[in-house]
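Chemist: First, the structure itself, so that you have it in front of you.
There are 2 protein chains.
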Amino acid sequence: MDADFEKPIPRRRRGAVMSDVGRLAGVSHQTVSRVINGSSHVRPETRERVLAAMRELDYRPNPVARALVTGRSNTLGVVTFDTTLYGPASTLCGIERAAHETGYFIIVASLKALDRSSLVDAIDRLQLHGVDGILVIAPYQEAADALADAPQRIPIVAVEAGPPDAVPLVSVDQVAGAMSATRHLLDLGHETVWHVAGPRDFLEARQRLDGWRSTLESAGAEVPVPLEGDWSARAGYDLGRRLSRDRAVTAVFVANDQMALGALRAMHEAGRAIPDEVSIVGFDDIPEAPYFTPPLTTIRQDFDDMGSRGVRLLLRTIEGREPAAPGSKVQPDLIVRASTTVSPRG
Amino acid sequence: MDADFEKPIPRRRRGAVMSDVGRLAGVSHQTVSRVINGSSHVRPETRERVLAAMRELDYRPNPVARALVTGRSNTLGVVTFDTTLYGPASTLCGIERAAHETGYFIIVASLKALDRSSLVDAIDRLQLHGVDGILVIAPYQEAADALADAPQRIPIVAVEAGPPDAVPLVSVDQVAGAMSATRHLLDLGHETVWHVAGPRDFLEARQRLDGWRSTLESAGAEVPVPLEGDWSARAGYDLGRRLSRDRAVTAVFVANDQMALGALRAMHEAGRAIPDEVSIVGFDDIPEAPYFTPPLTTIRQDFDDMGSRGVRLLLRTIEGREPAAPGSKVQPDLIVRASTTVSPRG
DNA sequence: CCGGCGGATGTTAGCGCTAACGCACGCTTT
DNA sequence: AAAGCGTGCGTTAGCGCTAACATCCGCCGG
Chain A
10 MDADFEKPIP RRRRGAVMSD VGRLAGVSHQ TVSRVINGSS HVRPETRERV
60 LAAMRELDYR PNPVARALVT GRSNTLGVVT FDTTLYGPAS TLCGIERAAH
110 ETGYFIIVAS LKALDRSSLV DAIDRLQLHG VDGILVIAPY QEAADALADA
160 PQRIPIVAVE AGPPDAVPLV SVDQVAGAMS ATRHLLDLGH ETVWHVAGPR
210 DFLEARQRLD GWRSTLESAG AEVPVPLEGD WSARAGYDLG RRLSRDRAVT
260 AVFVANDQMA LGALRAMHEA GRAIPDEVSI VGFDDIPEAP YFTPPLTTIR
310 QDFDDMGSRG VRLLLRTIEG REPAAPGSKV QPDLIVRAST TVSPRG
Chain D
10 MDADFEKPIP RRRRGAVMSD VGRLAGVSHQ TVSRVINGSS HVRPETRERV
60 LAAMRELDYR PNPVARALVT GRSNTLGVVT FDTTLYGPAS TLCGIERAAH
110 ETGYFIIVAS LKALDRSSLV DAIDRLQLHG VDGILVIAPY QEAADALADA
160 PQRIPIVAVE AGPPDAVPLV SVDQVAGAMS ATRHLLDLGH ETVWHVAGPR
210 DFLEARQRLD GWRSTLESAG AEVPVPLEGD WSARAGYDLG RRLSRDRAVT
260 AVFVANDQMA LGALRAMHEA GRAIPDEVSI VGFDDIPEAP YFTPPLTTIR
310 QDFDDMGSRG VRLLLRTIEG REPAAPGSKV QPDLIVRAST TVSPRG
């Protein structure tokens, strides 16, 4: 007993805790807490002493303990599905950067399957883990549906694509992008434009398809049957071969740059000159696009920016300002390079 | 007092907690804890009742509270530096997948600067946040140095590259990869092989450089002055233009596929036929490499696998089996495609 | 001269969980 | 039959922090 009493210093395996700081500064742990949380009711002199003690002990508050009591963790959850695709990967990167700048951590939950239960499950797990808000990068129909009727106990923002009105959404205007790609080709004198679409369960793929179709229709051009790929260069190649056999094809709008690369390759192998015989437009403007053979005309999406805008929106919601901000939609840019030119029949 | 006694149900804003489950099952909250943690000292019948109560209340344990008391969080930290590069992005993806499969969460801290303090800082923040272990993807010299003398209170594993012996390392044998690339070119009859290297502060860039140089030296070939790029297609293009002006250049080993793409483009523009006049080998085997013009001969690295092996190693260390496993090094594969052929002077 | 008020601080309760011990019970051992 | 021991639970302390209240003190007006 006495022995215990003689050594009041409980040697911790971890760093100093709040009461250690308090003891050294001659105040209670609560005053230390006040200093940390910027309470105004602390005498400047006391504050200084506490700050000095914190420095001396190299004290850092324990976020886990704080999270337990406040229910807030300074952590944002991100639900994503396939981080190797250029879009999601860049978006994630932008999110991370933006979160980091505002002092938040990012915790990632990736989906194993594309069904609704796995999306709900991921949101659930993140929530349980104490995140303050969630960003969802899951631009396909199932996810959007699931998101629309998921129980939302904490703020959620969808990035890239999502259900129309259920949650705030930060996205690029896919329809407008597809329209300007198609219009660009039409303006070059092509009678019509073929389309290599993305997987039909991807919202973006559908929107690009819609933009393409409507532009063709309103221009009175024939609407060819669209082909459907899986975003990969391989799919673009396979589909490109099909297209290369049809001499009527002079212009193709491909739903992303990787598939466009494959298409470029297929055309080249088939002896179809690009852009002289066939013009091709991609979508995304990946960093490599200017170095394709030929350099690819494409639609630029700023994923990085989208990520950071998503974070800012989410943070605003969390901080309680806007209860349900509507989100925002950015216009993409057409980047004209060497893969498109006037129609050979013009 | 009596009023309080009458309403023992404290309506919670969040879900049920352990004692709610206990109350419903007619046991103490501790017994619920035992059931959850699989203690053997619970009667099967009691266990069933607890399980039923959990199901009825849709109870899920609070990981934050658990983390506070155990000091373990089922969360792994990942320190990364630029997730848009193919390598780190894929590795991160592999890590995420592997972690997810074993029930761990991933929390990401990306470095803003490439100096040592920011690496130490990132590790620190992750640690504070309660992660159980950390994976570092920071394949450049500064980071390796910082890692080597960082205070390691929790298990750390380096992935892709790191300090030789300070921490367990999971990596691909870069030197061997560079050697097989260079040897491939030499075997095709090229007198020597030029090199477009990565940034010199990247460990991988140096190792590839070393492998290239040593192969040339041991073959008695002349060692040209290597060029240094920043991994981007643009750099590959700029450097490729330089190389294209020198008619002596018939074989180039480029340190990654993106730069190789730029080099391909530059050669093409300069009218240098590939592979007939100039052969080019890349490194990484990104998914688009087979669709370049021409399809790129390259060295395949399995990043995804590396990520998951990193996680497994880390988990083994955390679980306390191997205290300091040495890590492992995988051999990369040479993938021969159409960008290389026999020397035009052969 | 005293009640009152508000600024600066301390004390007390938890947040939801696990660890450590306590204790009754039934069974074996000497 | 007394002592021992393992099983199946309950009780009690925290983990490190914040929120809410309690307390002290100096200064004001009535």
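As you go down the protein sequences, you meet chains A and D in turn. To convert, count from 1 in the first sequence and add 9; that's this note's numbering. To convert, count from 1 in the second sequence and add 9; that's this note's numbering. Cβ coordinates follow ideal geometry from the N, Cα and C atoms, glycine included.
Can you tell me the Cα-Cα spacing of A/Ala-311 and A/Ser-180, whole angstroms?
Modeler: Inspection of the sequence shows that residue 311 of chain A is occupied by Asp rather than by Ala. Roughly 10 Å separates the two Cα atoms.
Chemist: Report buried or exposed for A/His-400, applying the criterion of at least 16 other Cβ atoms within 10 angstroms of its Cβ.
Modeler: Residue 400 of chain A lies beyond the stretch modelled for chain A, which goes from 10 to 355, so this question has no answer here.
Chemist: Buried or exposed for D/Ala-260, please, with buried defined as at least 16 other CB atoms from any protein chain shown within 10 angstroms of its CB.
Modeler: It is buried - the Cβ of D/Ala-260 has at least 16 other Cβ atoms within 10 Å.
Chemist: At a Cβ threshold of 8 Å, is A/Glu-105 touching chain D?
Modeler: With 8 Å as the cut-off, A/Glu-105 counts as an interface residue toward chain D.
Chemist: In the segment 158-170 of chain D, which residues sit with their C-beta less than 7 Å from some C-beta in chain A, listed in chain order?
Modeler: Result list empty, no residue passes.
Chemist: Is A/Pro-72 close to chain D? Criterion is C-beta to C-beta, closer than 8 Å.
Modeler: Chain D contact via Cβ: present.
Chemist: Would you mind telling me which residues of chain A sit closer than 7 Å to D/Leu-270, beta carbon to beta carbon, in chain order?
Modeler: Under the 7 Å cutoff, chain A gives Glu-297, Tyr-300.
Chemist: Rounded to a whole number of angstroms, what is the C-alpha to C-alpha distance between A/Arg-321 and D/Asp-285?
Modeler: Cα to Cα, the separation comes out at about 52 Å.
Chemist: Tell me A/Asp-342's beta-bridge partners as DSSP assigns them.
Modeler: Looking at the DSSP assignment, A/Asp-342 forms a beta bridge with A/Arg-309.
Chemist: Report the CB separation of D/Ile-115 from D/Val-145 in whole angstroms; it is logged as a contact under 8 Å.
Modeler: 13 Å between Cβ atoms; not a contact.
Chemist: I'd like to confirm the pairing. Which residues does DSSP put opposite A/Tyr-300 in its beta bridges?
Modeler: For A/Tyr-300, which the question treats as bridged, DSSP gives no partner whatsoever.
Chemist: If I follow the unbroken alpha helix (DSSP H) through D/Thr-224, where does it start and stop?
Modeler: Start and end: 212-227.
Chemist: Measuring alpha carbon to alpha carbon, tell me which residue in A/Ala-298, A/Pro-70, A/Thr-191, A/Leu-85 is nearest A/Pro-28.
Modeler: For the record, residue 28 of chain A in the displayed sequence is Ser; it is not Pro. A/Ser-28 has its Cα closest to that of A/Pro-70, out of A/Ala-298, A/Pro-70, A/Thr-191, A/Leu-85.
Chemist: Rounded to whole angstroms, what is the Cα-Cα separation between A/Arg-217 and D/Arg-354?
Modeler: Distance between the alpha carbons of A/Arg-217 and D/Arg-354 is about 50 Å.
Chemist: Given a threshold of 16 other Cβ atoms within 10 Å of its Cβ, counted over all protein chains shown, does A/His-138 qualify as buried or as exposed?
Modeler: Burial call: buried.
Chemist: With H, G and I counted as helix, E and B as strand and the rest as coil, what does DSSP make of D/Thr-111?
Modeler: Correct three-state label for D/Thr-111: coil.
Chemist: If you pair each beta-carbon of the segment 123-140 of chain D with each one of the segment 124-133 of chain A, do three or more pairs fall below 8 Å?
Modeler: Touching, no.
Chemist: Starting from A/Ser-348, follow the beta strand (DSSP E) in both directions and report where the run begins and ends.
Modeler: Where A/Ser-348 is concerned, there is no enclosing beta strand (DSSP E), given that its DSSP letter is neither H nor E.
Chemist: Give me the chain A residues within the contact set of D/Val-117, using Cβ-Cβ distance strictly less than 8 Å, ordered along the chain.
Modeler: Neighbours of D/Val-117 on chain A, chain order: Glu-105, Phe-114, Ile-115, Ile-116, Val-117.
Chemist: Examine chain A for any beta-carbon lying closer than 8 Å to the beta-carbon of D/Tyr-149, and answer yes or no.
Modeler: No, no contact with chain A.
Chemist: If you measure between the beta carbons of A/Trp-221 and A/Val-234, is that distance less than 8 Å?
Modeler: No, these two residues do not count as a Cβ contact at 8 Å.
Chemist: With 16 other CB atoms within 10 Å as the buried threshold, where does D/Val-78 fall?
Modeler: The residue in question, D/Val-78, is exposed, as its Cβ has fewer than 16 Cβ neighbours within 10 Å.
Chemist: What's the call for A/Gln-340, buried or exposed, on a 16-neighbour Cβ count within 10 Å?
Modeler: The residue in question, A/Gln-340, is exposed, as its Cβ has fewer than 16 Cβ neighbours within 10 Å.
Chemist: What does D/Leu-322 pair with, by DSSP beta-bridge criteria?
Modeler: For D/Leu-322, which the question treats as bridged, DSSP gives no partner whatsoever.
Chemist: Hey, could you find the ends of the alpha helix (DSSP H) D/Thr-79 is sitting in?
Modeler: Residues 72-79.
Chemist: For A/His-204, which residues does DSSP report across the bridge?
Modeler: In the DSSP output, where bridge partners are listed per residue, A/His-204 has A/Phe-262.
Chemist: Which residues in chain A have a C-beta closer than 9 Å to the C-beta of D/Gln-267? List them in chain order.
Modeler: What D/Gln-267 touches in chain A: Pro-296, Glu-297, Tyr-300.
Chemist: If you drop the 5 nearest sequence neighbours on each side, which residues of the same chain put their C-beta closer than 7 Å to that of D/Leu-324?
Modeler: Excluding residues within five positions, the ones whose Cβ falls inside 7 Å are Thr-111.
Chemist: Going by DSSP, name the residue or residues bridged to D/Ser-119.
Modeler: Looking at the DSSP assignment, D/Ser-119 forms a beta bridge with D/Thr-89.
Chemist: In three-state terms, what does DSSP make of D/Leu-94?
Modeler: The answer is coil: DSSP assigns D/Leu-94 none of H, G, I, E or B.
Chemist: Ends of the beta strand (DSSP E) at D/Lys-253?
Modeler: It should be pointed out that residue 253 of chain D corresponds to Ser in this sequence rather than to Lys. D/Ser-253 -> not in any beta strand (DSSP E); alpha helix (DSSP H) instead, spanning 242-253.
Chemist: Taking C-beta pairs closer than 7 Å, name the residues in chain D that A/Arg-274 reaches, listed in chain order.
Modeler: Chain D residues near A/Arg-274: Tyr-300, Thr-302.
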